[in-house]
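In what follows, a structure is listed as structure tokens, so that the remarks can point back to it.
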Amino acid sequence: MQEQEIERLRKRLDREKLRRQEAERLLETKARQLYEVNSRLVSALADVEQRVQERTIELETAKVLAERADRAKTRFLAMMSHEIRTPLNGVLGMLTLLHDTSLTSQQNNLLETAQRSGSGLLAIISDILDFSLLEAGKFVLAPKRFRLNEVVEHVLDLSRLQVRRKGLSITAAIDDSVAEAYIGDSGRIRQVLLNLVVNAMKYTEVGYIGVMVEASERRDGRDNVRISVFDTGIGIDEKDKESVFSEFSQIESRTTEVVESSGLGLAICKNLVKAMEGTIDFKSKKGVGSTFEFTIPLEKATAVVDVPLSDQLARAKKKLAGQKLLVAEDNLTNQMVIRGMLESVGCDVDLANNGMEAVRLAASRKYSAIIMDIAMPEMDGERATRLIREMVCPNNQTPILGLTAYAYAEDAKRFISAGMQAVLSKPVSRTELLDELSTQVASERTGGKARVVTSPVDDFALDALLKDRDAGEQLKLLRQIYADLKGCRSDISSAISEQNIGLLETASHKLAGLSGVFGAETLLEEAHRINDGARKLEIESVWTGAERLLSECDRVSAALDDRLACYSGQ
Amino acid sequence: MLGMVFTEFLDMVEDRFPPEVSDRLIALAEEQFVSRGIYTAIGYYDHAEMLLLIKQLSDEVGIPESDLVEAYGKHLFTRFLDRYPHFFHDIKDSYQFLEGIEARIHKQVKMLYPESSLPTFGCLREGDDVLVMEYSSERPFAHLAHGLIKGCVAHYNESVEIDMQLTPPGDGTRAVFKLKRNDARARN
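So the protein lines, in turn, are chains A and Z.
Numbers -16 to 553, taken from our numbering, label the letters of the first sequence in order.
Numbers 86 to 273, taken from our numbering, label the letters of the second sequence in order.
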């Protein structure tokens, strides 16, 4: 009985043992299956990750290529505009000069048509360029003081002819809330407004076009200026409303007139307004009309004093007449245009066909200003400017005005840092060029922009004076100049101690004449100024100026001393 | 240490020694071990418990520990054959099996027991008949390896001289086995 019991227990134990072993085996099998499933998942995950990575790389590459293509497109547009604007600059410039000649009325008519077409073409090219610049985010505003009512009137003037031709009328109302003058980029505001007005004209057959300007003060002290253009035109269909501000969109017009347009107008407006921190929107009802309006924040300014165009020219003439200018420009037509503009106010113009020639000329004679094209063969304007600023030459303080069809603002910055005082964009108008020149020449005369301390005596001028004489004569002449200078100095010194303004006048006059002979430029200018002041009895300022004149005399004497020392060694 | 080493050890003790011996081993385990002597093949347990069990058994039966462990190794090999027959598919002789421990067996063990730390067997053939194996482990079980190798050779019915040298530090964690085949017939 006991043995049976033991046997039974043993069997049970064996069964339990087997059961345990079987359970362990099962667990191992399950673990193995789990391991394998997990491995497959891991490798599937790795596969997916790899594919994601591959796609990411493909997309990145595509993006880089697309961006490169986009940059190439923008660059191409800028280049194109350069290529087209350069000859167009020539054409328009020549037409302006042609306008100044005596013409029959028929010729005048033909000329004006040519000018209009040329300007129209220029406007379209400018549109395309603006658009590409705005798209590339390279657009820079040029804010200055302006009168908003003048901008509006100008736009109305420009549109009036076409408005009348279509039998429409155009009016503008400027609310009292609008300040007399603001600070902003008036050219760009005019561009937006003109675009809106031209657009209104395009789609209006009967009725009128109105411009309304209002302003309200913002919390930051600036004004929110709202300019609305409304028309009684065909209006815009609901379905077209979304695409109004997108590029190359033109809705069907019933007008038979072909409107020259790039189809970029409103897209540019939108981007321009955005660049001016403003908003643009429209309301329209099919068959009733549309209202386009834009609002931009503008800083109020004190009123500007008007200067009539003829006065501006006269002033430029007064400042620039007789000035010696260097024009570096490789394009023959442009040479003629610029030279024509400058000679019309009596400037004396030297021409250089490239940067190298410009540098050579700048090294040999003193100019009042240099006008420098950027893209030139042999040496470009940027390099030439750098060289002129770096070498010891009579022109390393001379204002240099860059002239470029590269319309990028960042390029302009580079040219300024190369040593240019200002950069003008081609095609440049006569007023623009002369304005800038008179500013620069004036500021140079007061020495405000001097960057490099130069020798008080222009060695080139002195060399020119001495070159046809033998050494003995040279020495004699130099000693004479030296003695005369000392004489003038002592006269001025006595004038100061005696407070004798008459003596100061004669002595400074004599000194001016003397210093002009051997190229003591600064001395010449100072002497002129003192002479002027003495004649006008400007007793407050003239005596301190006279002290300065004495020290300049000493600088020049020292320079002449150095020169004379060269001879004593021979 | 893998649970199977424990379960197979206790099974062997039960099978080969009087019941009182295994009772005392279990009593010791119940009293002193963290595991309390309850092992499964699929768990991990402290190898110190194994060492104590071996020492206790040696004391009980008066056989040196190293001999006991070696004998156990031989037994364990037969258990491997039972439990994991697929490890032995297409294996023609002991050298082929031994040389494949790392690549075939340990790799699969790692799949099931990723936390296990297994000994390594660096194998080097010196001609057709001589195989040198370098045993290295975190635990002092060179004698167990010796038994396993013997079990393997026995399984393939070969005549191979197996020489074991413990190498520094001499505590059984490092050893070099030199196997030399006597039986030319086994070569093929």
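Backbone N, C-alpha and C fix where the C-beta goes; we use that ideal spot for every residue, glycine too.
Counting C-beta neighbours from all protein chains within 10 Å, is the total for residue i 16 or more, i.e. buried, or is it exposed?
i                            : result
proline 254 of chain Z       : exposed
methionine -16 of chain A    : exposed
methionine 62 of chain A     : exposed
glycine 385 of chain A       : buried
glutamate 134 of chain Z     : buried
aspartate 100 of chain Z     : exposed
isoleucine 148 of chain Z    : exposed
glutamine 181 of chain Z     : exposed
proline 439 of chain A       : buried
phenylalanine 275 of chain A : buried
arginine 546 of chain A      : buried
aspartate 356 of chain A     : buried
histidine 82 of chain A      : exposed
isoleucine 172 of chain A    : buried
threonine 187 of chain A     : buried
glutamine 318 of chain A     : buried
isoleucine 522 of chain A    : exposed
proline 199 of chain Z       : exposed
serine 88 of chain A         : exposed
lysine 432 of chain A        : At lysine 432 of chain A the pLDDT is 37, less than 50, meaning the model places this residue with poor confidence; the figure from the coordinates comes in the next sentence. Exposed: under 16 other Cβ atoms inside 10 Å.
glutamate 235 of chain A     : The predicted model places glutamate 235 of chain A with a pLDDT of 48, which falls under 50 and marks its position as unreliable, so this point remains unresolved.
alanine 114 of chain Z       : buried
phenylalanine 122 of chain A : buried
asparagine 91 of chain A     : exposed
isoleucine -11 of chain A    : exposed
alanine 548 of chain A       : exposed
From the DSSP output, which residues share a beta bridge with residue i?
i                        : result
glycine 323 of chain A   : Looking at the DSSP assignment, glycine 323 of chain A forms no beta bridge with any residue, so it has no partner.
serine 221 of chain Z    : Z:Thr205 and Z:Arg259
threonine 274 of chain A : A:Phe213 and A:Lys266
valine 208 of chain A    : A:Ala198 and A:Ile279
alanine 405 of chain A   : A:Leu384
valine 354 of chain A    : At residue 354 of chain A the sequence reads isoleucine, which differs from the valine that was named. Partner(s): A:Val310 and A:Leu384.
aspartate 545 of chain A : Answer is none; aspartate 545 of chain A lacks a bridge partner.
serine 152 of chain A    : A:Tyr191
leucine 251 of chain Z   : Z:Ala260
aspartate 159 of chain A : The partner list for aspartate 159 of chain A (beta bridge, DSSP) is empty, contrary to what the question assumes.
arginine 128 of chain A  : A:Ile166
Express the C-alpha separation of residue j and residue i in angstroms, rounding to a whole number.
i                            : j                         : result
phenylalanine 265 of chain A : glutamate 163 of chain A  : 26 angstroms
leucine 334 of chain A       : threonine 154 of chain A  : 49 angstroms
isoleucine 107 of chain A    : glutamate 508 of chain A  : 47 angstroms
isoleucine 157 of chain A    : alanine 198 of chain A    : 9 angstroms
isoleucine 464 of chain A    : leucine 497 of chain A    : 8 angstroms
arginine 538 of chain A      : alanine 447 of chain A    : 21 angstroms
glycine 170 of chain A       : glutamine 482 of chain A  : 53 angstroms
glutamine 16 of chain A      : serine 26 of chain A      : 15 angstroms
serine 534 of chain A        : isoleucine 279 of chain A : 54 angstroms
valine 20 of chain A         : lysine 13 of chain A      : 10 angstroms
arginine 168 of chain Z      : cysteine 208 of chain Z   : 25 angstroms
serine 85 of chain A         : threonine 79 of chain A   : 12 angstroms
leucine -4 of chain A        : aspartate 96 of chain Z   : 12 angstroms
isoleucine 234 of chain Z    : glutamate 184 of chain Z  : 11 angstroms
proline 339 of chain Z       : histidine 231 of chain Z  : The question about residue 339 of chain Z has no answer, for chain Z in this structure spans 86 to 273.
arginine 201 of chain A      : tyrosine 165 of chain A   : 14 angstroms
aspartate 442 of chain A     : valine 411 of chain A     : 35 angstroms
alanine 297 of chain A       : glycine 323 of chain A    : 16 angstroms
isoleucine 251 of chain A    : leucine 176 of chain A    : 11 angstroms
cysteine 536 of chain A      : arginine 472 of chain A   : 7 angstroms
lysine 302 of chain A        : valine 181 of chain A     : 39 angstroms
tyrosine 350 of chain A      : leucine 308 of chain A    : 5 angstroms
lysine 269 of chain A        : glycine 150 of chain A    : 21 angstroms
Exercise. Got a sec: which bits of the segment 225 to 244 of chain Z sit with their beta carbon under 9 angstroms from any beta carbon on chain A, in order along the chain?
Worked result: none
Exercise. What residues from the segment 3 to 24 of chain A come within 9 angstroms of chain Z, judged by C-beta to C-beta, listed N to C?
Worked result: Arg3, Gln4, Ala6, Glu7, Arg8, Leu10, Glu11, Ala14, Arg15, Tyr18, Glu19 and Ser22
For this session: Could you say if the segment 335 to 347 of chain A and the segment 365 to 383 of chain A meet the contact criterion of at least three C-beta pairs nearer than 8 angstroms?
Result: yes
Exercise. Taking Cβ-Cβ distances below 7 angstroms as the criterion, which residues of the segment 174 to 199 of chain Z are in contact with chain A?
Worked result: Met196 and Leu197
For this session: Identify each residue in the segment 93 to 114 of chain Z for which the Cβ-Cβ distance to at least one residue of chain A is less than 8 angstroms, and report them in chain order.
Result: Asp96
Problem set entry | At least 3 beta-carbon pairs within less than 8 angstroms: the segment 118 to 127 of chain Z vs the segment 86 to 95 of chain Z | The segment 118 to 127 of chain Z makes contact with the segment 86 to 95 of chain Z, as at least three CB pairs between them are under 8 angstroms.
Exercise. Touching or not, the segment 158 to 176 of chain Z and the segment 514 to 522 of chain A, by the rule of three or more beta carbon pairs under 8 angstroms?
Worked result: no
Exercise. Are three or more beta carbon pairs between the segment 112 to 119 of chain A and the segment 133 to 153 of chain A nearer than 8 angstroms?
Worked result: Taking 8 angstroms as the limit for Cβ pairs, the verdict is that the segment 133 to 153 of chain A does not touch the segment 112 to 119 of chain A.
Problem set entry | Stretch-stretch touch, CB-based, cutoff 8 angstroms, three pairs: the segment 92 to 105 of chain A with the segment 123 to 132 of chain A | No contact exists between the segment 92 to 105 of chain A and the segment 123 to 132 of chain A.
Exercise. Which of the residues in the segment 119 to 137 of chain Z, read from start to end, lie with their CB under 8 angstroms from any CB of chain A?
Worked result: Thr125, Ala126 and Ile127
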